[in-house]
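Asks: Read in order, the letters of the sequence shown correspond to residues 0 to 120 in numbering that gives the first Met the number 0.
Positions of the beta carbon are idealized from the N, C-alpha and C atoms, including for glycine.
Below is a structure I'd like to ask you about.
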Amino acid sequence: MKLEIPTITRTTLALYAGASGDHNPMHIDLDVARSAGLPDVFAHGMLSMAYLGRLLTDLVDQGRIRTYAVRFTAVTPVHAKPVCTAVVTKVENGLTYLDLTVTTEEGTQTLTGQAIIEGEL
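So this is what it looks like as structure tokens:
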């Protein structure tokens, strides 16, 4: 199962900052990012987590999600096109176990996670 996300733009980051209340300048201010030695701003980790959440709720009703956990493994640069994936690892005792990833189109894995869903997909 896959969800392809449109290119993350500076506008995407500004809108997410406003919606989430996370105005960390590393995500929206090029000068601050460069002063930290980075080439540009990068996406909020929770934005990638939200995209994965959208993949899950596209698959099943929100009420069937029993657990959802992630680990951030790399930054998602501005202008990236993330791809969210979910792979069924097992179905047992009425639960479906999923491995989750977010990867940039260049192949960098930026987030890994797991989810447990009630019932089968």
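With LEU94 as the anchor, note down where its beta strand (DSSP E) starts and where it stops.
Replies: Run containing LEU94: 94-102, per the beta strand (DSSP E) assignment.
Asks: So what's PHE110 in DSSP terms, helix, strand or just coil?
Replies: Reading off the sequence shown, one finds Leu at residue 110, where the question assumed Phe. Residue state, collapsed to three classes: strand.
Asks: Between PRO76 and PHE41, what straight-line distance do the alpha-carbon atoms span, to the nearest angstrom?
Replies: Near 4 Å, if we compare the C-alpha coordinates of PHE41 and PRO76.
Asks: Output the distance between the C-alpha atoms of ILE4 and PRO81, rounded to the nearest integer angstrom.
Replies: So the alpha carbons of these two residues sit roughly 5 Å apart.
Asks: Verify whether the separation of the beta carbon atoms of ARG70 and GLY106 is less than 9 Å.
Replies: No; because the gap between Cβ atoms is not below 9 Å, this pair is not in contact.
Asks: Along the chain, where does the beta strand (DSSP E) containing THR66 start, and where does it finish?
Replies: Per DSSP, THR66 belongs to the beta strand (DSSP E) from 64-71.
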